[in-house]
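As given, the protein sequences belong to chains P and C, one line each in that order. Converting from the first sequence to this note's numbering requires adding 54 to each position, the first position being numbered 1. Converting from the second sequence to this note's numbering requires adding 65 to each position, the first position being numbered 1. Built from N, CA and C at the ideal position, the CB exists for glycine as well. Encoded as structure tokens, the structure appears first; notes follow it.
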Amino acid sequence: MGKVTGFMEFPRIAEEYIAPAERVKNYKEFVLHLSDEEAKTQGARCMDCGIPFCNNGCPVNNIIPDWNDLVFNQNWKQAIEVLHSTNNFPEFTGRICPAPCEAACTLNINDDPVGIKSIEHAIIDKAWENNWVIPQLSKNKTGKKIAIVGSGPAGMAAAQQLARAGHDVVVFEKNDRIGGLLRYGIPDFKMEKVHIDRRVNQMEAEGVIFKTNQNVGGNVDPDKLVNDFDSVILAGGAEWPRDLPVPGRELDGVHFAMDFLPNQNKIVAGDEVQDQITATGKNVVVIGGGDTGSDCVGTSNRHGAASVYQFELMPQPPEKEIKSLAWPYWPLKMRTSSSHEEGCERDWCVATKSFIGKNGKVKELVAARVEWRDGKMQEVPGSEFTMKADLVLLAMGFISPQQTILDKFVIDKDARGNAKAETEGEKSYTTSRSKVFAAGDMRRGQSLVVWAIREGRQCARSVDEFLMGKSNLPR
Amino acid sequence: MTHSITLKKQGLYNPSNEHDSCGVGFIVNSKGIKSHKIISQGLEILTNLTHRGATGYDPKLGDGAGILIQIPNELFLKEAKLLAIKLPVDGEYGVGMLFLPQVEKSRAACESIISKVIAEEEQVELGWRTVPVNDKDIADAARNVAPVIRQVIIGQGNSVDGQIAFERKLFVIRKRIEHLVKSLNISDSANFYISSMSSRTIVYKGMLLANEVGAFFPDLIDESAKSALALVHQRFSTNTFPSWDLAHPYRMIAHNGEINTVRGNENWLNARQEKMKSMLLGKDLEKLWPLMTEGQSDSASFDNCLELLVAGGYSLPHAMMMLIPEAWSGNKLMSQERKSFYEYHAAMMEPWDGPAAVAFTDGRMIGATLDRNGLRPARYLMTDDGVVMMASEMGVLKFPEEKIVKKWRLEPGKMLLIDLEAGRVIDDAEVKNLLANAKPYKTWIKQSRFLLSDIKKSKVSFKLKESLLDTQQAFGFTQEDISFILKPMFTDGQEPSGSMGNDAALPVLSNRPKVLYNYFKQLFAQVTNPPIDPIREELVMSLVTFIGPRPNLLGIEETNPPARLEASQPILTLEDLEALKDIDKTTKSQFKSKVIDITFKVGDDESYDQAMERAVVNICEEAKQSVIDGLNIIILSDRDTDSNRLSVPALLACSATHQSLVKSGIRTNTGLVIDTGSAREVHHFALLAGYGAEAVCPWLTYETIKTLTEDFSGAQERYIKAIGKGFNKVMSKMGISTYQSYCGAQVFEAVGLNQIFIDKYFKGTSTNIEGIGIKEIAEEVHQIHKAAFGLDPVLINALDAGGDYAFRIRGEEHMWNPESITKLQHATRKNQYDTYKEYAELINNQTKKYKTLRGLFEFKQTKTIPIEDVESAKEIVKRFTTGAMSLGSISTEAHSTLAVAMNRLGGKSNTGEGGEDKKRFIPITKNSSIAEHLGEDIIESNYALLPGDSMRSRIKQVASGRFGVTAEYLAAADQIQIKMAQGAKPGEGGQLPGHKVSSYIAKLRYSVPGVGLISPPPHHDIYSIEDLAQLIHDLKNANPSASISVKLVSETGVGTVAAGVAKAKSDHIVIAGHDGGTGASPLSSIKHAGTPWEIGLAETQQTLVLNQLRGRVVLQVDGQMKTGRDVIVGALLGAEEFGFATAPLVVEGCIMMRKCHLNTCPVGIATQDPELRKRFNGQPEHVVNFFFFIAEEIREIMASLGMQKFNDLIGRSDLLDMQQGIEHWKIQGLDFSKIFYQPDMSLDVSRYNVEEQYHGLDKALDLEIIKKAMPSIEKIEPTQFNIIITNTNRTVGTMLSHEIAKRYGNDGLPDNTIRVNLEGTAGQSLGAFLAKGITFNLHGEGNDYVGKGLCGGHIIIRPPKNFKGIEEKNIIVGNTVMYGATSGESYFRGIAGERFCVRNSGASAVVEGLGNHGCEYMTGGTVVVLGQTGQNFAAGMSGGIAYIYDPEGTFKQSCNLSMVTLEKVVKENEQAKGPKHLNLTDEIILKKLITSHHVFTSSPIAIDILNNWDILLNQFVKVMPIEYKRALNELHAEIIKEVA
């Protein structure tokens, strides 16, 4: 219940950040979780709605009012239990989720929403600190074997759920470490990788077997998986990046974000990396205004870039949405990330037309302004401009999963090239191939970590039902 | 032909739901002198009570009337001679008054049975007489079914000794004849009826209008017919089916009112059968069974029981005291002897509870008694020659004033008795003291009574068999049960409350397993009987329960009464239960208890339902055997529930055991106690009680509470207190005041249980749509059990989320959910029909998730028409109204937005019960804003108004609080809605907490800012159907151009009530579903009272059509209306108008926070907090868009159904069908055929409104008054004139007031502009809503409701000049005088009845004494009482002041001190400085009022006081409401601050 009049008494407070000048010096997380007292008053702002829209706004349906109330009452232990009952990995979402729950918060109609994400962050951090996150061993073993392809959030969530249901779960990861995009897509300053390692430890204790360097469709035969296991879940993510086929694309210095970001993470992890792409001293242009673009901005600044620009093709969104028409949905509005605060020039309605290089290395970028009318884009005549660019990072999103793996499993794809499977009904998460399921970005296309967790959980239930005829796993 | 065409059960119509109420009266010569005049006077009383009856579709067809007189010996001598019958002396022959079948053969069969029984019982059949009748003037429908009326004359046989024994024998003969004729199986056996069979009395009655009785029976006008007494009765029934035998009087009584507990009373009487022994009746006792015929009326059953008691040897007054005891348990003023008398008899007979004025006679004595609450009027007078007349109202018979020695009223619980043999009137105190001291009751009680609280408790050593969590889960506990239900109870001792409606799936439609309790709905009183206020009128409530065997009802000669175990309330602690287990030790084996395990294990080859049924059979058998073995307390316990053992639902075990013991006639040999883990909320306990439990121990609830608090004993106490409060509320909403009579009364109906199951285990409970049976119930038990002990990870560490009270992702389905709200808001804000359609699809398409009954309906395929041919949306939207939401429960912004929107549409908005700012009555003529019109200081969130807009709500609600109900308010209405009940809390009142009463709201409600406001559960001027007719008449007078609407809530029998309401001349009836919204209501009421409107509406339509009354009224339906499809379903089931409340609020921005009751609505709707109101963002256009979307959807459906005109849809339930192919395990058993039923009536019987009610205003006395007062009305010139008035002139002055209010508003005319000097006995509602400027000066007397809603006028009433009695010792006005008065003055030279100045909010009154409950709920004004008050003065009084002249210093005992303090009245110069009532000192106020009283009425008391002012002033007590004092101080402090 929090406090009945809490929302009228206490303002929203944000989690504190270490100052930009300080934080760009390293790759450590710089978001500090709320103090107990702060968390309490933030919890008090929750109105315990008759209809908690946040609950619905959250893809894993976190039971937010309940843990807000528990935090208000400083009952942290029970808070983590409630939180864990819907979300396997709140330490991930508490750090990197854009928090659609907060957009859906009823206080957001005409006030600042409850700081749900910050409370979640505080709960899980406290839980780890107090050793409340311990392996939950299943009592009955079913003897069923399940292979999960991909160890990103979807694969991990599915694995944990299924292991707890008593199945033998093996996770196949093509990289050298577990975590998928969490591991190599998200910079350490957003989320340190110790969080993944701790979870992996917990899951291993719960019986999950993780196998790295296993490229299913490469060094691992899909058919063998299907034969050896009672079922297989494809949770390999959507890794096929969108390209920018303009003149000069082939120049050195024009890279996909995912060629840039993972290496830095490896270095932070202590690996040695050959030919790392660095931004140090360079004029960096990030193309694409999304979260990956932001991560490129933050990483470039930490490398010590000379300048960082970020271009977005779409128009600049309004400073504030019209709440009465947007709420409780995720609003289109101007968002400034922490990486932007660290130094970056942003520009909208910019279409990149070509890259100009010297000695095979990119030196300049040619772009033009565009106008959008009725959903159609037109170049503004005479608006072409050129700017210095030593490093261009393409962060324009992902088209779909890599097609090869889907093809090798011989499963149907949807119109966008994702693994085809429904999410509701008896056949939910099943692909066209018997025993084979799909979840996460591989099924729905690029999305949020929290969606991946949801799909992993729901898919786990479908697999459990498929194997056992019924399931106690929550969806 | 039958003489009673009480229609058979059909569709949803069930004749057993019929109600009646009536006018009753008697006249008696107390000396026992017989005369013909008494009979003529009796008939005259009847004639003058005609307006208390009603007529059906045919104005000549009344509801029945009759007269009971002594056997007119002279007449019979004369007639016997003609018939050659030799008549013995008076008293030695009896006369049976018979209704016989018209068919010769059947009649002969009946007559031969009569002869046979008379002979077998050794009496003498002297002869037969066909009673002459004159039937040419009676209604055709009555004549067509008239019986052949004959008399059989029976001579006293030799075996019988004396007249008392002869009377007893005649009773036995009558019962035997009734049984034998019934078993005869003749086709028209139902048409056989014995009106009376006695040697003392005879009853002449029939399906007649009151004024026809004499003309119909020539016997009665024969001068040789003489009697010393005449008891008469005029019936007002809710049906219109002619029925001769339902007319009163019965053999011993005539009853005005309703027995709410009749089902329990009947059951208990049957339950006693085996145990009953009578020395007097001996073997004849067996011949009496069954004592009551199934399906007979409550009055008839009461009559039967009274006959039994009298035949068993009780005197008539003794028996009446047993059946209708006064409130004794909490009465501090009652003598211990009398208390002991009542307590002694309480164990023998539970009260027959309900509003009742019962006149009774055995021919030797005649009398009347009133229920403990005084809910029916009964006035009487005595003359100097020994005549006593009693009637529902005065003026029904004229006596020369100088002959009258006493005018009085029957007081609550009191008895008036006239003993004709002793030749005198015996007053209440005398008769009761005589009886109370006749036997050593006090000693007997001392010897035989064990109080549970006194019994030594052993320590409880009780361990749960499984973990607490698993056990909780095994009984279906959810997280909400802990947080929403238990916490408020054990922390604050309060029943949990919530807000908004119930939009969750019905239990039978839910995919989740539900506990059995949830399938039952609490019944509640509406119209035909009033709910009680259990808080303010606590003195009548009692939770005392007897656990264990009951004494022999007819054991009048027993001198060593059996032991009785008494508890002060029925919720047992764990220690109490242990005490019961060991009770043989503590009571020397006078009690022996037996614990019966109600858990079961499923055998290998058994299904769950087989196992459970087997368990139930075993439980019943074991219980029976225990009783036979002499064990006398049975404890049904489910403590053995564990992972292997499931529990039979405690309710099922309880009811099955109770009913099986009742059936075996041994129920009263034992007590029945339920020890269950399942009971946690009020509804659960109420159900267990209603189905027979004398006490309940909620062991698991206690175990749960233990883990949630450190102070368990305190928490337990608070929890029990909260349940007790809830109990009182649940009982009182049905008008029942004692646990004893609630126990076993079965005042519930089932929704979603099949008839087979009900008949087997809950016999007598209504269930209308079939549903699940034992198989599915066992499956639910199984599923709940499995979830408890299964592996579901969600339930490993936590209870199920629940989601019944608020939406939860893992909880119950709700209609209002994030998607539906979002889509609706976006659609209406963007004016996007596509988005609306997506919303409507979410609501309408219930093919996967089922939530409402209508969701399971589908439309039959018919030919379609192009949508262009369908009536326009602009026309359709006129049928829409918004719900009654008061300004107070919602903000001005939200309230006015709805009004503006509805006026733009041509629909109607509803004020709710909080009055309305008169500024809103002014039409808008230019572009402006609401702040501009209502004031910048009033509005927090402004919006634009356009020319042509109006903020006036076309519907003005009149609810029980009468807040802001003035002549001006009523004059500004297009429709006046009387709220009888509200879907969210039917049968309950409401409360607006002080923090919501801003100065603006206080102004509109005529109250003090910051002072909480109470709406009483009943309208204190509606305790019965004829009272409602009176209020309708009042309001029609208050605004002849407005239609009068009555709002009812769907429950079984609502159709019959609606038929009564139509007969009471309502123009419009609203049927609300159980699921409607609320600003605040107990959760148990939101969830568990009332039924879906689909059932209630269909029943109403069917009943009205059957009664040929449908054409007279407009029918509206509301309750969670959300889409056009909902409207279509409503229309097909019979509605022509549609109310929406929650949906338009959602359009305004409501997001179902369900925080209305906390004043923290974050979107500025249900709050008065100025900061939150700034957040309001609703716009009239959005609401307009919504209703047009609805209309558009309706048009699409109409096109698909081939309907051009909306009227063509109404009542076409044949177009509905149940959705095909539903495979849901619970839904499959549902059967909607009763809902879809169409009565087989000819085509000219209308199915929708086609005609107007006749209100009889053309006969109003006001027409004459208005004519005479015209110069005042038009030119403000003073007028003065004389008028003669009689009791049939009702509601005088109200139409006149309307004329003034229309022109001048509440400002009215200068005082005394119109002076009307009246003479005579005024009818009810004299001066209702009397406007300022009018003075009524009456010489005579008033009846009930004088000065109701007084609105500035002055009323003076003093006795006629030639009255000889002492004025201040006689009654001058009746009950409920000045109810809801807002301003004005009144002076009464004499004593007023009960409930004087209830809900007064500004008028002043002087009276010389008054009855119980004076100044109840008063919020303002000044009352001076120059005499004694009755009990419970000032209950719920939060404002205004009363001054009581109390020379004897006894007032304090009569005053309810929970909200007021008593202060001294001091001289002006001694009164402390500071805030003052009316800014005047007490002395000045008092002196002014008493001086006026003296001037207007020449009261000697007033003179005496004024003459001795300085001495007597300090003998006044000032009644000061605590809240009022605080508010005055606060206001004063503010003023001082401002000045500073």
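Helix, strand or coil at residue i according to DSSP, with G and I counted as helix
{"i": "Pro883/C", "result": "helix"}
{"i": "Cys685/C", "result": "helix"}
{"i": "Gln1303/C", "result": "coil"}
{"i": "Gln1529/C", "result": "A small fix is needed here, since residue 1529/C is Lys in this sequence, not Gln. Looking at Lys1529/C - three-state DSSP - the assignment turns out to be strand."}
{"i": "His68/C", "result": "Residue confidence for His68/C is low, a pLDDT of 42 falling below 50, so the modelled location carries little weight; the figure read from the coordinates is stated next. Looking at His68/C - three-state DSSP - the assignment turns out to be coil, as it is neither helix nor strand."}
{"i": "Lys244/P", "result": "coil"}
{"i": "Pro276/P", "result": "helix"}
Beta-carbon gap between residue i and residue j smaller than 7 Å
{"i": "Asn321/C", "j": "Cys87/C", "result": "yes"}
{"i": "Val1615/C", "j": "Ala751/C", "result": "A question about residue 1615/C goes unanswered here, because the residues of chain C that appear run from 66 up to 1605."}
{"i": "Ile459/P", "j": "Ser486/P", "result": "no"}
{"i": "Phe1028/C", "j": "Arg985/C", "result": "no"}
{"i": "Thr593/C", "j": "Ile1090/C", "result": "yes"}
{"i": "Ser1064/C", "j": "Phe1241/C", "result": "no"}
Opposing strand residues paired with residue i [DSSP bridges]
{"i": "Thr1386/C", "result": "Glu1406/C"}
{"i": "Glu1606/C", "result": "In the structure as shown, chain C begins at 66 and stops at 1605. Residue 1606/C is therefore absent and cannot be evaluated."}
{"i": "Met267/C", "result": "Reading off the sequence, residue 267/C comes out as Ile, not Met. Partner(s): Ile134/C."}
{"i": "Ser12/P", "result": "With chain P represented from 55 up to 529, any question about residue 12/P goes unanswered, as that position is not in the structure."}
{"i": "Phe1498/C", "result": "Cys1520/C"}
{"i": "His320/C", "result": "Val423/C"}
query = Does the segment 441-448 of chain C come close enough to the segment 473-487 of chain C that 3 or more CB-CB pairs lie under 8 Å?
reply = yes
request  = Decide if the segment 97-112 of chain C is in contact with the segment 1191-1208 of chain C; the criterion is three or more beta carbon pairs, one per stretch, under 8 Å apart.
outcome  = no
ask   = When Cβ atoms are compared, which residues of the segment 89-104 of chain P fall closer than 9 Å to chain C?
value = Met101, Asp102, Cys103 and Gly104
task = Below 9 Å between beta carbons is the criterion; list the residues of the segment 898-915 of chain C that meet it against any residue of chain P, in chain order.
result = none
query = Per the contact definition of three or more C-beta pairs closer than 8 Å, is the segment 871-882 of chain C in contact with the segment 358-368 of chain P?
reply = no
message = Beta carbons nearer than 9 Å to chain C: which residues of the segment 155-179 of chain P have them?
response = Ala158, Thr160, Leu161, Ile163, Asn164 and Asp165
task = With 7 Å as the limit, tell me which residues of the segment 124-139 of chain P have their beta carbon closer than that to any beta carbon of chain C; keep them in chain order.
result = Glu135 and Ser139
Validate contact between the segment 355-365 of chain C and the segment 396-410 of chain C using beta carbons, cut 8 Å, 3 pairs = no
inquiry  = When you compare the segment 562-569 of chain C with the segment 1212-1226 of chain C, are there three or more beta-carbon pairs, one atom per stretch, that lie closer than 8 Å?
reply    = yes
message = Can you pull out the residues from the segment 494-515 of chain C whose beta carbon lies closer than 8 Å to at least one beta carbon of chain P?
response = none
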